[in-house]
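Those protein sequences? They're chains V and F, same order as listed. Counting in my numbering, the first sequence runs from 1 upward without gaps. Counting in my numbering, the second sequence runs from 1 upward without gaps. Where a beta carbon is used, it is the ideal one built from N, C-alpha and C, also for glycine. In this text the structure is predicted, and so the values were computed from the model without any measurement. Working notes for the structure below.
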Amino acid sequence: MAWGTQRNWRWCSKCQGLWFGGNSAGRCPAGGGHTKVGSGNYSLVHQATTAPGQSNWRWCSKCQGLWFGGNPAGKCPAGGVHTKAKSGNYTLAHQSGAGQANWRWCSKCQGLTFGGHPAGPCPAGGLHTKVGSGDYRLPIVTTRVRVHVKILTNPNVSLDTMMHNMREVYATANIDVEWASTESLNQPTLNDVDVGSCNMGVVTAEQALLFANRNSVGANDVVVYMVRSTIPPFNGCAAHPTGRPGAVVAQGASQWTFAHELGHVLGIHHVNNNNRLMTGNGTANITNPPPDLVASEVATMIASALTVNV
Amino acid sequence: MAVTFEQVKAALDPEEPAYNKAAAALGAEALPHLAVLVAGDQMMLASKAAYLAGLIGTAKAVDVVQRAARSAHASVRVAAAAAAGKLSSADSGDVLIKLIDDGDIGVQKVALRAVPADAPSDALRARVQSLSIAKGQAPNRELALETMSRMKVSVADPTDAEPVPGAARKRAATTKRPAAKKAVKRKPR
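Spelled out as structure tokens, the structure:
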């Protein structure tokens with residue numbers, strides 16, 4: 001369990017296609033290499049067969065473009081057809097989810113292109129088409145937060161769902177959530193952890209013991225401990241020892257609790273509004289998913305030392 | 001005005017309920033609704049309901065906590081143990097005896113922590129003492145010893161039951177005997 005994210009995917013203003021900007025500029029069907037001028041930094045979920053969305057999107061090492069590998073390979077601007085050799089398996093949010101909408105699959109070349117502008121040139125001839133395509137959503141990110149998960153008890157709502165939901169909400173703030181690692185912890189006496197009054201800056205002896213399990217996690221990385229329960233019973237608690245940023249999430253937590261507790265870790269507080277992630281009325285009562293983050297909350301989160309510019 | 005189920009649920013729905021405030025605001029009128037939640041299939045709400053009942057702390061609250069102590073979900077029994085720690089010493093005994101005997105490490109841990117220093121129940125004190133001298137690597141043995149200490153009860157030497165001939169005098173000089181049981185006044189319900 002744990003899927004990664006990969007940034008540095010770029011929109012090419014010449015061909016409207018999505019391409020990976022971490023290597024050479026590849027080959028653009030409009031001629032020459034792709035350009036990243038004017039593009040945001042897109043983050044794709046990577047190696048995530050369990051993540052919600054459509055998998056089997058592939059990187060072509062010849063042209064650097066993204067193409068759908070569930071069909072026969074389409075024509076590549078670098079010659080011949082696209083290749084999936086050495087590519088990971090990318091999963092794209094499809095028809096719903098946060099991020100920039102109107103990314104389209106081109107049935108002629110199998111590539112992913114931005115449909116919000118006039119169609120760019122297609123390597124299969126003429127222009128890209130969006131006929132038959134769904135609406136893909138790609139998050140544009142400016143910062144990232146790295147999260148490690150340590151499991152004492154698996155939650156009732158799957159971790160995949162919790163992480164996907166969190167990624168979706170945080171994408172609205174242009175924050176990329178990296179699911180950096182997952183580890184099982186055999187700590188039966190901490191599985192029902194005393195969190196006291198759950199006030200920031202105050203921790204119990206049991207919280208101190210639990211949060212000591214970081215196992216070489218970076219100083220500014222967040223560790224979330226999945227426990228069976230807290231004492232007193234909370235869905236989660238973000239109080240953590242100084243220098244060990246993290247939270248606990250209980251087995252019976254809602255699908256939004258993980259994201260809510262990470263919000264506390266990043267410095268934001270409860271509000272009386274069930275449209276928002278930080279509702280103090282219970283995230284199970286969120287009425288308009290995905291819940292909102294307002295500008296002041298986003299500013300606080302980005303100002304946190306735990307969010308890093310990318 | 002009567003407390004409604006919706007009011008009780010609204011108090012427990014938050015990720016981190018304000019239990020003391022809820023207990024003060026809702027009071028004993030919340031207990032029938034808490035009993036329903038404890039018996040329900042939503043584990044998180046059942047746990048929260050059990051804990052809130054403990055803070056309300058009336059005789060009917062004891063029934064709700066006892067019901068939680070019989071839950072099939074260990075986390076609800078954990079909450080029942082924590083709730084028992086909020087009941088009066090006189091009221092918590094029966095619940096804690098059951099939960100200290102729970103086969104689940106977490107339930108047992110929280111139950112031991114909830115044992116009051118002035119626990120009036122002989123049976124409860126005996127259970128804690130029994131755990132404190134358990135053989136092997138019982139995970140909560142140390143905690144049982146701490147609990148005994150908190151109750152100001154010395155740990156009996158397990159060999160007392162079968163004295164070793166010729167060693168009695170030496171042991172009598174070095175081993176603490178159980179303290180004489182104090183008379184404990186039961187609090188009125």
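| Asked | Found |
| --- | --- |
| With a threshold of 16 other CB atoms inside 10 Å of the CB of F/Asp101, please say whether the residue is buried or exposed. | exposed |
| Can you list, in chain order, the residues of the region 254-272 of chain V whose Cβ is nearer than 7 Å to any Cβ on chain F? | Thr257 and His260 |
| Can you check whether the CB of F/Ser130 is closer than 8 Å to the CB of F/Ile97? | no |
| Let me confirm a value: V/Met166 is counted as buried when at least 16 other C-beta atoms fall within 10 Å, else exposed. Which label applies? | buried |
| Taking Cβ to Cβ, would you say F/Arg77 is nearer than 8 Å to F/Ala39? | no |
| Given that F/Pro14 touches chain V, what residues does it touch there, using C-beta distances under 7 Å? | Gly280, Asn281 and Gly282 |
| Check each candidate in V/Thr83, V/Lys75 and V/Ala305 and name the one with the smallest Cα separation from V/Cys60. | V/Thr83 |
| With hydrogens ignored, establish whether the beta-carbon of F/Ala23 is closer than 7 Å to any heavy atom of the ligand ADP. | Annotation note on the ligand ADP: not contained in the displayed structure, which lists no ligands. |
| Within the same chain, show all residues whose beta-carbon is closer than 6 Å to that of V/Gly40, passing over the 5 residues directly before and after it, in chain order. | Ile140 |
| Between the alpha carbons of V/Cys109 and V/Phe68, how many angstroms are there, rounded? | 9 Å |
| Exposed or buried, what is V/Phe234 when buried is set at 16 or more other beta-carbons lying within 10 Å of its beta-carbon? | buried |
| Report the CB separation of V/Leu159 from V/Trp103 in whole angstroms; it is logged as a contact under 8 Å. | Not quite, the Cβ-Cβ distance comes to about 27 Å (not below 8 Å), so this is no contact. |
| Can you check whether the C-beta of V/Ser184 is within less than 8 Å of a C-beta belonging to chain F? | no |
| Measure from the C-beta of F/Ile105 to each C-beta in chain V and report whether the shortest distance is under 8 Å. | yes |
| Do you know offhand how far F/Arg150's Cα is from V/Thr172's? | 52 Å |
| At the 8 Å Cβ level, is V/Arg276 part of the contact set with chain F, yes or no? | no |
| Classify F/Phe5: buried if its beta carbon has 16 or more other beta carbons within 10 angstroms, exposed otherwise. | exposed |
| Go ahead and label V/Ser197 buried or exposed: buried means 16 or more other beta carbons lie within 10 angstroms of its beta carbon, across all protein chains shown. | exposed |
| Please work out which residues of its chain come closer than 8 Å, Cβ to Cβ, to F/Ala161, disregarding the five sequence neighbours upstream and downstream, and give them in chain order. | Its pLDDT being 38, under 50, F/Ala161 is placed unreliably by the model, and nothing is read from it. |
| Counting along the chain, where does the beta strand (DSSP E) carrying V/His102 start and finish? | Checking the displayed sequence, the identity of residue 102 of chain V turns out to be Asn instead of His. That run of the beta strand (DSSP E) goes Gln100 to Trp105. |
| Can you tell me whether V/Met200 is buried or exposed? The criterion is at least 16 other CB atoms within 10 Å of its CB, across all chains shown. | exposed |
| Here's a check: name, in chain order, each residue in its chain whose Cβ is nearer than 7 Å to the Cβ of F/Ala138, leaving out the five neighbours to either side. | Leu131 |
| For V/Ser184, does the three-state DSSP call read helix, strand or coil? | strand |
| According to the Cβ coordinates, are V/Arg228 and F/Ala74 closer than 8 Å? | yes |
| Measuring only between beta-carbons, confirm whether F/Lys21 sits less than 8 Å from chain V. | no |
| Going along the region 68-92 of chain F in order, which residues come within less than 8 Å of chain V, judged by CB to CB distance? | Ala74, Ser75, Val78, Ala79 and Ala82 |
| Assuming V/Ala253 and V/Val157 make a contact with CB atoms under 8 Å, what is their CB distance in whole Å? | 7 Å |
| Counting only beta-carbon atoms, is F/Ser130 nearer than 8 Å to chain V? | no |
| List, in order along the chain, the chain V residues whose C-beta lies closer than 9 Å to that of F/Pro139? | Pro188 and Thr189 |
| On the criterion of 16 or more Cβ atoms from any shown chain inside 10 Å, does V/Ser313 qualify as buried, or is it exposed? | Residue 313 of chain V lies beyond the residue range present for chain V, which begins at 1 and ends at 310; the question has no answer from this structure. |
| Taking the alpha-carbon of V/Gly99 as reference, which of V/Val271, V/Val217, V/Val45 and V/Asn56 has the nearest alpha-carbon? | V/Val45 |
| Distance, Cα to Cα, F/Gly27 vs F/Ile56? | 6 Å |
| Using the Cα positions of V/Ala180 and V/Asn213, report the straight-line distance between them to the nearest angstrom. | 15 Å |
| What does DSSP give as the partner residue(s) for V/Asp292 in the beta ladder? | V/Arg276 |
| Can you pull the chain V neighbours of F/Ser47, defined as C-beta to C-beta under 8 Å? | Ser229, Pro233 and Gly252 |
| For my contact list, V/Pro118 and V/Pro29 are in at a C-beta cut-off of 8 Å; report their separation, rounded to the angstrom. | The pair is not a contact, with the Cβ atoms about 14 Å apart (cut-off 8 Å). |
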